[in-house]
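Here our numbering = 1-based position in the sequence shown + 12.
Worksheet: the structure to be examined is printed underneath.
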Amino acid sequence: MKASTRKVRFSVVSLASAFGLALAIHAGHATSVTQATGLGGAPDGTSTTHWIWQNPRPTGNYLTGVDLTDSNSGTLVGIAGTIMHTSDGGLSWAIQSSGTIETLEAVCFIDSSTGTVVGDSGVILQTTDAGLTWIQRASGIQDSLRAVSFGDANNGTAVGLGGRILHTTDGGVTWTSQSSGTASDLFGVHFINATTGTAVGADGIILRTINGGATWTPQGSPSSSFFLAVYFTDTSIGTVVGTDGTILRTTDGGANWTPQTSGVTGQMMAVRFSDANIGTVVGDFGTVLHTTNGGDTWTGQPSGTTNQLTGVSFNGGTGITVGGLGTILRSTDQGNNWTSVTTTVTSEQLNSVFFTDTNTGTAVGTAGMIVRTSDRGANWVEQLSGTTADLWGVCFTDANTGTAVGASGTILRTTDGGTMWTPQVSGTTNLLWGVSFVDANTGTVSGFAGTILHTTDGEWSNKRSSWHFFHRR
């Protein structure tokens, strides 16, 4: 796509988010910026130099996993090939180019430089320079890989759908298949060293190996829930989490698993312990559970979000959890308290955006939301629209003169850059979703049921007779 300084209006491709989504296209020239709204234009792992998330920040993509290598450095992954890196303990995140648009499901670093990411369609990515470059490695499969774990610098294991298990002995450069003995989907894996590991999955399956995956042995499980994640603090003590609020604990290497009371019924998506006693579980509806006694008791903690949380990682006292709609939460006290790193201009859905020059733009959305930027999208300021109607279209002929349209025949007009928006008489109650002006006076609005409205004087509120209705035959 070529960016241009001329006025460009992008149509909404997808409306699947509770966040208002505003993006910038940057073609590499300081004067060439256009804007788009909707998930359909979301930045992916192949276009980090062209698309920049503006709302929410640092990303609105669904995030699936995170790994901290020390208290400052960490990497997260998500849909559309999303990879982001932090070097300040999660306060800020920089986009890295993954070279793929596949959903990336999990990430594991063996040191501050060397890491592996796995995802859909058998994707395996490796970096040896902290993510400055990611190299795709051959997996030999097309099945989705859901988790990856390294027991040491050389030995790693990835698991996925259909009972897939892949193993590497050279730090992630080459991968070979192992026999899991099951066709059930596997969602989680954790190795405590090069030889001892546990994989979990659908229908209560738990597999254990003590020889680096040469053989995998099923373990008895007290539950038929789908197990989604597993974590061991040593070869004996481990925790499994899954659907229906399931939390299981073993103190004998998985020979026996004991249910623990979570107090919730949703999916528990991820688990991490900093030692045998202190641990955190995250899951549906923003659930964060914390224990200081090895899971004898789990206490719910305020997360400040209702989005699904899918990944969690700790290093020292610093913790990061990630999830839906670009959610990133940060803790600096071993998970006792969490604050959001994600910032939003608005949580309303933004449906249309229009720029009159490279600096000045206006976006409109649900519940009468109107936001404006005068600095190329670096900052957005909410404007008072005077309506709660959903707004679906906006058009400006210069920096000051603009029109917004929406539900119930709503037409709003401004002549001062949006400081004041004045309702206009449209003569219809139909949903209006498109507006275009060729000059300050001449414009056309389109809407539901073939509605087309036209004006040649721009004075809509006082010149109702200037509107003409056309109906599709």
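From the three backbone atoms N, C-alpha and C, an ideal C-beta is built for every residue, glycine too.
Cα-Cα separation, residue 334 to residue 169: 22 angstroms
Nonlocal neighbours in the same chain, by C-beta distance under 6 angstroms from residue 60, ignoring five residues either side: Reliability of the predicted coordinates at residue 60 is poor, the pLDDT of 46 falling under 50, and the value obtained from them is presented with this limitation in mind. Cβ neighbours of residue 60 beyond the five flanking positions: 107, 109.
Proximity below 8 angstroms, CB of residue 7 to CB of residue 325: A query on residue 7 cannot be resolved here, the shown segment of the chain reaching from 13 to 485 and no further.
Beta-carbon proximity of residue 187 to residue 180, cut-off 8 angstroms: yes
Residue 469 in three-state terms, based on DSSP: coil
Segment contact flag, the segment 254-264 with the segment 344-351, C-beta cutoff 8 angstroms, min 3 pairs: no
Outcome for residue 302 when other beta-carbon atoms lying within 10 angstroms are tallied against a minimum of 16: buried
Contact under 8 angstroms by Cβ, residue 224 with residue 207: yes
Beta-carbon gap between residue 550 and residue 403 smaller than 8 angstroms: In this structure the chain extends from 13 to 485, so residue 550 is not present and cannot be described.
As assigned by DSSP and simplified to three states, the class of residue 292: strand
Assigned exposure category for residue 104 - 16 Cβ within 10 Å defines buried: exposed
Pairwise C-alpha distance: residue 358 and residue 468: 34 angstroms
Sequence-distant residues of its chain with Cβ nearer than 7 angstroms to residue 286 (five each side left out): 326, 346
Where residue 219 falls: helix, strand or coil (DSSP): strand
Simplified DSSP state of residue 122, which is helix, strand or coil: coil
Spatial distance of residue 88 from residue 398 (CA atoms): 40 angstroms
For residue 159, the three-state DSSP class (helix, strand or coil): strand
For residue 90 and residue 338, the rounded distance between their alpha carbons: 9 angstroms
For residue 211, three-class secondary structure by DSSP: strand
Buried or exposed by the 16-neighbour rule on C-beta atoms within 10 Å, applied to residue 460: exposed
Residue 165 versus residue 215: straight-line alpha-carbon distance, rounded: 32 angstroms
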